[in-house]
Amino acid sequence: TQLLEQSPQFLSIQEGENLTVYCNSSSVFSSLQWYRQEPGEGPVLLVTVVTGGEVKKLKRLTFQFGDARKDSSLHITAAQPGDTGLYLCAGVHSTGNQFYFGTGTSLTVIP
Amino acid sequence: GAVVSQHPSRVICKSGTSVKIECRSLDFQATTMFWYRQFPKKSLMLMATSNEGSKATYEQGVEKDKFLINHASLTLSTLTVTSAHPEDSSFYICSAMSDRGKPNEKLFFGSGTQLSVL
Numbered sequence: 313t314q315l316l317e318q319s320p321q322f323l324s325i326q327e328g329e330n331l332t333v334y335c336n337s338s339s340v341f342s343s344l345q346w347y348r349q350e351p352g353e354g355p356v357l358l359v360t361v362v363t364g365g366e367v368k369k370l371k372r373l374t375f376q377f378g379d380a381r382k383d384s385s386l387h388i389t390a391a392q393p394g395d396t397g398l399y400l401c402a403g404v405h406s407t408g409n410q411f412y413f414g415t416g417t418s419l420t421v422i423p
Numbered sequence: 002g003a004v005v006s007q008h009p010s011r012v013i014c015k016s017g018t019s020v021k022i023e024c025r026s027l028d029f030q031a032t033t034m035f036w037y038r039q040f041p042k043k044s045l046m047l048m049a050t051s052n053e054g055s056k057a058t059y060e061q062g063v064e065k066d067k068f069l070i071n072h073a074s075l076t077l078s079t080l081t082v083t084s085a086h087p088e089d090s091s092f093y094i095c096s097a098m099s100d101r102g103k104p105n106e107k108l109f110f111g112s113g114t115q116l117s118v119l
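Residue numbers (our numbering), protein chains in the order written: chain E, 313 to 423; chain V, 2 to 119.
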């Protein structure tokens, strides 16, 4: 079961452009995390957001957690080819023990 | 930082055989481990949640008799794919949770196992 829906599913942009990836759910999550994954490897944690409305920045990446803790967004400024990868949001459901991943966004940045 | 070791990284087996995948937390105790399955360019699908010393909780649609999970210690969980068939071919990833229930709760991932069933 995947409770977290990401959009867009696929994204191909030119180097230097900005982009936003969305992670939405009808359920409340105690925290949400964002990962980036390369083919054949495990996901690598980028950030964890725990407070509704929280905004975190990691260089050119800006993460936001929705006020109701049901959604999150990832904004990348001036994308670079090195940003190419599969981006995944994930979180622990507030009423359970399971750790779910979003449906994923495959990003390709063209030089 | 915390490290999770998963092996083998790649396994090729004949149809009908069983394959065991190990997931170890190297420098922390993980009371909870998760097993995921992933298809190319797709997200991770949670298969089961494994708690040390108790039976795993399987997600709907996952056959517990086919995907046997054992979490006998705080640092080791295993996934055994029994009587593997070509449709079981996939990338399997484990993860281990540290500081469960605390504000700094984190999830660390193994590097994955690519299973190919001929």
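From the three backbone atoms N, C-alpha and C, an ideal C-beta is built for every residue, glycine too.
| query | result |
| --- | --- |
| Coarse secondary structure for G403 of chain E, derived from DSSP in three states | strand |
| Same chain, Cβ closer than 8 Å to A380 of chain E, five either side skipped, listed in chain order | V340, G364 |
| E64 of chain V in three-state terms, based on DSSP | coil |
| Below-7 Å beta-carbon distance, T332 of chain E vs any chain V residue | no |
| is_contact[G113 of chain V, chain E] using C-beta, thresh 7 Å | yes |
| Nearest-angstrom Cα separation, counted from E60 of chain V out to S324 of chain E | 33 Å |
| L83 of chain V to C95 of chain V span [Cα, whole Å] | The sequence shown places Thr at residue 83 of chain V, not Leu. So the two alpha carbons sit approximately 17 Å from each other. |
| Supposed contact pair Q321 of chain E and T415 of chain E - C-beta distance, whole angstroms, cut 8 Å | 7 Å |
| Segment limits, beta strand (DSSP E) that includes F40 of chain V | Premise fails: F40 of chain V is in no beta strand (DSSP E) and is neither H nor E. |
| Any non-hydrogen atom of the ligand NAD within 6 Å of N336 of chain E CB | Of ligands this structure carries none, so the ligand NAD is not represented either. |
| Assigned secondary structure, D279 of chain E (DSSP; H/G/I helix, E/B strand, else coil) | As displayed, chain E neither begins before 313 nor continues past 423, which places residue 279 of chain E out of reach and without an answer. |
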